[in-house]
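The sequence shown begins at 1 in UniProt numbering and counts up one residue at a time.
Glycine residues also receive a C-beta, built at the ideal position from the N, C-alpha and C atoms.
Structure first, commentary second.
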Amino acid sequence: MSSDATPAVRCTGIRHSFGEKVAVDGVDLEIAAGTVFGLLGPNGAGKTTTIRMITTLLPVKTGTIEVHGLDVTRRKMAVRRLIGYVPQQLSADSALSGRQNVALFARLFDVPRKARDEQVDSVLAAVGLLDDAGRPAGEYSGGMIRRLELAQALVSSPRLLILDEPTIGLDPVARTTVWERIEGIRAETGMTVLVTTHYMDEAEQYCERVALMHRGRIRAQGTPAELEAGLGPESTLDDVFRAVTGDQLEETSGGMRGVRATRRTARRLG
Ligand SMILES: Nc1ncnc2c1ncn2[C@@H]1O[C@H](COP(=O)(O)OP(=O)(O)OP(=O)(O)O)[C@@H](O)[C@H]1O
Ligand SMILES: [Mg+2]
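The following block contains the structure:
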């Protein structure tokens, strides 16, 4: 049913409102299988809401979403089995050890019992946490926590890995490490990666295609080079971001919420 020609994700005309607030306002999106796709945009643009719809965590009331050809509404459980998800809010349990955190996800995502221990250790090794796997996650640094969450998302061998700001609050070296792990695993497995980030340099370096979202809509889409060329010679992705969002970041209602979420993250990482 799904070959490589079937996109990993296809969103058609999706909308989502929270009460009066229109968070996603008619988004069309197609992500080719095996690629790294970046969803960019300011605080409150609607990125997380879009991702939560793709992961089946929010209902799709308007429009349709298919993951590897499966409709997310009608084939919810089958879709969930294809996806690994690292949410924006930190999700590791600080009282459990790194290994226990990953094992919990292995159970939740139906990794066959016989394969579980081996699979847990294999992803812990892939993210470079094998030596620290016995320590409580509460003792981990921010970068280690993000890598642990990556291991949680990878333990079910997903075809589609979705990362909501995987490198927020990390130092430059830790950011590079997270990306190198993602790249390494992707090269090995051919999985698709959908990522949101506020770091334009990351998008430029690691994403084959990007979509720029603002106020619930996709305002620009293409390879980073295409978007930059579209704006003029010597433009950077930062310039494209500014051109699309009009420099009015704090006007969006998500502004304060975004700042608060970042502070919360910083406190937990601190
Ligand atoms: N659970 C919710 N209840 C009410 N409004 C919400 C909820 N979640 C998101 N919103 C609103 O929907 C809009 C889009 O939010 P969303 O979290 O999707 O943005 P985002 O692009 O992920 O932003 P950020 O970069 O800050 O993470 C914002 O205006 C936000 O306030
Ligand atoms: Mg978000």
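- Task: Would you tell me roughly how many angstroms separate the C-alpha atoms of V195 and M53, rounded to the nearest one?
- Result: Approximately 14 Å between the Cα atoms of the pair.
- State whether the stretch 11-28 contacts the stretch 57-64, with contact taken as three or more CB pairs (one from each stretch) at a distance under 8 Å. Counting C-beta pairs with one atom in each stretch, the stretch 11-28 and the stretch 57-64 have three or more that are closer than 8 Å, which means they touch.
- What is the DSSP secondary structure of A220, counted as helix, strand or coil? In the structure shown, A220 sits in a strand (DSSP, three-state: E or B).
- Would you say the beta carbon of Q89 comes nearer than 7 Å to a heavy atom of ligand 2? Checking every heavy atom of ligand 2 against the Cβ of Q89, none is found closer than 7 Å.
- Query: Is A23 near ligand 1, in the sense that its beta carbon is under 7 Å from a heavy atom of that ligand?
  - Reply: Checking the Cβ of A23 against ligand 1 gives yes.
- Message: Taking the beta carbon of E149 as the centre, do at least 16 other beta carbons fall within 10 Å, making it buried, or is it exposed?
- Response: Burial call: buried.
- Item | Local conformation of G246 per DSSP, three classes | In this structure, G246 counts as coil in the three-state DSSP scheme.
- Where does F241 sit, in a helix, a strand or coil, going by DSSP? Helix at F241.
- Query: Skipping 5 residues on each side, what residues in its chain have a beta carbon closer than 7 Å to that of L82?
  - Reply: Cβ within range, chain order: V67, H68, P158, R159 and L160.
- Item | L148, enclosing alpha helix (DSSP H) - first and last residue | According to the DSSP assignment, L148 belongs to the alpha helix (DSSP H) that extends over G142 to L154.
- Item | Alpha carbon of A8 to alpha carbon of V210, nearest angstrom | Between A8 and V210, the C-alpha separation is close to 15 Å.
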